[in-house]
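**Q** Residue numbers (our numbering): 5 to 219. Glycine included, every Cβ here is placed at the ideal spot set by N, Cα and C. For clarity, every value in this text was computed on a predicted model and none was experimentally measured. Before I ask anything, let me first share the structure, which is written out below as structure tokens.
Right under this line is the structure:
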């Protein structure tokens with residue numbers, strides 16, 4: 005039986021070296037590559053796809069960028085399971101977003117010795133013990149933050165429309181659109197661009213209209 009192919013994404017060279025030594029000679033798991041950046045991760049997945057990606061949450065200077073990478077992997081490579089490895093203890097917001105972004109499981113670095121059992125479980129079971137349930141709960145909570153008008157505005161931003169075009173299309177002032185965008189960004193404590201928020205909400209499935217809402 006072929007070994008489980010695992011890709012490790014970690015910017016700390018000591019951790020990369022440590023996990024390589026930890027998995028050396030493992031009968032079931034092959035840590036076939038360790039990379040330090042998100043770009044290297046996706047280049048590797050394109051050329052030599054993994055079964056499992058072990059993803060560090062903090063990469064480089066970008067706060068929690070491993071979360072964004074996990075969301076992109078779950079969107080582009082839904083067959084690949086991502087296990088988050090974090091040194092951030094007791095951070096419920098990051099924990100919840102990890103599953104919202106499609107993570108299969110979440111381990112703290114001080115329990116890295118559990119990785120083999122979690123990796124094997126990920127290959128045996130299509131769904132994690134609590135991941136899908138937590139993902140649904142977090143999705144519903146985030147979706148409840150958005151009104152129908154919020155979703156309409158974010159959908160327009162997602163398609164590439166500028167705030168000026170949106171104002172003309174909705175027959176409102178540009179100031180009103182800017183104020184509306186500001187309110188949405190405040191709901192999510194969002195510090196980046198509105199287009200990045202719109203893209204993330206689209207990937208999260210928050211911009212979809214429920215059937216009962218249509219009726």
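Grab me the residues of residue 160's own chain with a C-beta within less than 7 Å of its C-beta, minus the 5 sequence neighbours each way, in chain order.
**A** Around residue 160: 170.
**Q** Does the distance from the C-beta atom of residue 79 to that of residue 207 stay below 7 Å?
**A** Yes, these two residues count as a Cβ contact at 7 Å.
**Q** Could you check what DSSP says for residue 200 in three-state terms: helix, strand or coil?
**A** Three-state DSSP puts residue 200 in a helix.
**Q** Given a cut-off of 7 Å, decide if residue 103 and residue 139 are closer than it, judged by their beta-carbon atoms.
**A** The answer is yes: Cβ separation under 7 Å.
**Q** Between the beta-carbon of residue 58 and the beta-carbon of residue 87, is there less than 7 Å?
**A** Against a cut-off of 7 Å, the Cβ pair of residue 87 and residue 58 comes out as a contact.
**Q** Roughly how many whole angstroms lie between the Cα atoms of residue 135 and residue 146?
**A** Looking at the two C-alpha atoms, the distance is approximately 16 Å.
**Q** Assuming contact is defined by CB atoms lying nearer than 7 Å, are residue 9 and residue 55 in contact in what I supplied?
**A** The answer is yes: Cβ separation under 7 Å.
**Q** Quick one: Cα of residue 16 to Cα of residue 35, how far?
**A** Looking at the two C-alpha atoms, the distance is approximately 16 Å.
**Q** Scan the segment 84-138 and note each continuous beta strand (DSSP E) run of 3 residues or more that stays entirely inside, going in chain order.
**A** You should have 85-90, 109-112.
**Q** So, is residue 137 buried or exposed, given that buried needs 16 or more other C-beta atoms within 10 angstroms?
**A** When all chains shown are included, residue 137 counts as exposed.
**Q** Opposite residue 12 in the DSSP bridges: which residues?
**A** Answer by DSSP bridge pairing, in chain order: 38, 58.
**Q** Leaving out five residues before and five after residue 108 in sequence, what residues of the same chain have Cβ atoms less than 7 Å from its Cβ?
**A** So the qualifying residues of the chain are 85, 86, 87, 126, 132, 135.
**Q** By the 10 Å Cβ neighbour count, where 16 or more other Cβ atoms means buried, how is residue 74 classified, buried or exposed?
**A** It is buried - the Cβ of residue 74 has at least 16 other Cβ atoms within 10 Å.
**Q** Is it true that the CB of residue 105 sits closer than 7 Å to the CB of residue 142?
**A** No, these two residues do not count as a Cβ contact at 7 Å.
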